[in-house]
Amino acid sequence: MILKTETFDLTGETERVVIRLLKKQDYAEWLNGYTGRLEAQHKHDPGNLDMEECTEEWFKELVRKHQELARNDIAHVFGVFRKGDGKHIGMVDFSTLARNEFQWGRIGYTIHNQFWNRGYGKEAVKKALYMAFEGLGFHRIEAHINLDNIPSTKLAESAGMKFECKREGFLFEDGKWTDHLVYYATGTNFRFSDL
């Protein structure tokens, strides 16, 4: 494992967003982000979610689990907050697929739909990729995207990821093996200058 910095100190900032691990005191803003979602905008947007079970105690346990996953280099889950007012606008996460000679991970991302079409997703994903390469020591990051999830492919492309292939029967979801598009970026081909 090559972690270039202690994950708990890893923070990224752009002109408009801050990307960092969730803290226990983030509960109110985190909850507001999720409860403020609009109705689903397309098939892959969950829209409004029932957050009734997500109490403050539940959230504290979530933060603890995220810290444990990061400590064990299984996953690194970051909240995305808007600068200025501190609103929670989404999440970006990295799962470790392989270390050693691979240094290979997967990215997942979501921006709450009430904040769409403002460029926050591109800004957050691009900065998060930089954090993955420079802070977490990954060499290759992949996004695995459903074939019909056009908004996600557009976001991956706008953040500088490149289309690689379609993997057939790649992920078991909704009771069947589904095909996914693979987008990728590597630490050697990613353009940091646009951040």
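Per the working numbering, the sequence shown runs over residues 97 to 291. Every residue gets a Cβ at the ideal spot worked out from N, C-alpha and C, and that includes glycine. Because the structure is a prediction, the values reported are computed rather than measured.
One alpha carbon belongs to Thr284, the other to His235, and they sit about 8 angstroms apart.
Trp212 carries a coil assignment under DSSP once its states are collapsed to helix, strand and coil.
Along the length of the segment 218 to 274, whole beta strand (DSSP E) runs at least 3 residues long occupy 236 to 242 and 258 to 269, reported in chain order.
In the DSSP annotation of this structure, the continuous segment of the alpha helix (DSSP H) that includes His162 starts and ends at Glu152 to Arg167. DSSP places Thr206 in the uninterrupted beta strand (DSSP E) bounded by Trp200 to Ile207. Apart from sequence neighbours up to five positions away, the residues of its chain that approach Glu111 with a beta-carbon distance below 8 angstroms are Lys179 and Glu219, ordered along the chain. In the structure shown, Thr192 adopts extended strand secondary structure according to DSSP, grouped into three states. Rounded to the nearest whole angstrom, the C-alpha separation of Phe174 and Leu117 is 5 angstroms. Membership of Gly129 in the alpha helix (DSSP H) is indicated by the continuous run Tyr123 to Thr131.
Judged by beta-carbon spacing, Met257 lies beyond the 8 angstroms limit of Gly108, meaning their Cβ atoms are not closer than that value.
Note on Trp154: under 16 other CB atoms within 10 angstroms of its CB, so exposed under the neighbour-count rule. The secondary-structure analysis by DSSP pairs His184 across a beta bridge with Phe177.
Nearest in C-alpha terms to Thr151, of all of Val176, His140 and Asp122, is Asp122. If you draw a 10 Å sphere on the C-beta of Leu243, you find fewer than 16 other C-beta atoms in it, and that means exposed.
Between His208 and the set Glu164, Thr131, Trp273 and Asn168, the nearest pair of CA atoms involves Thr131. Residue pairing by DSSP puts Ile115 in a beta bridge opposite Gly108 and Val176.
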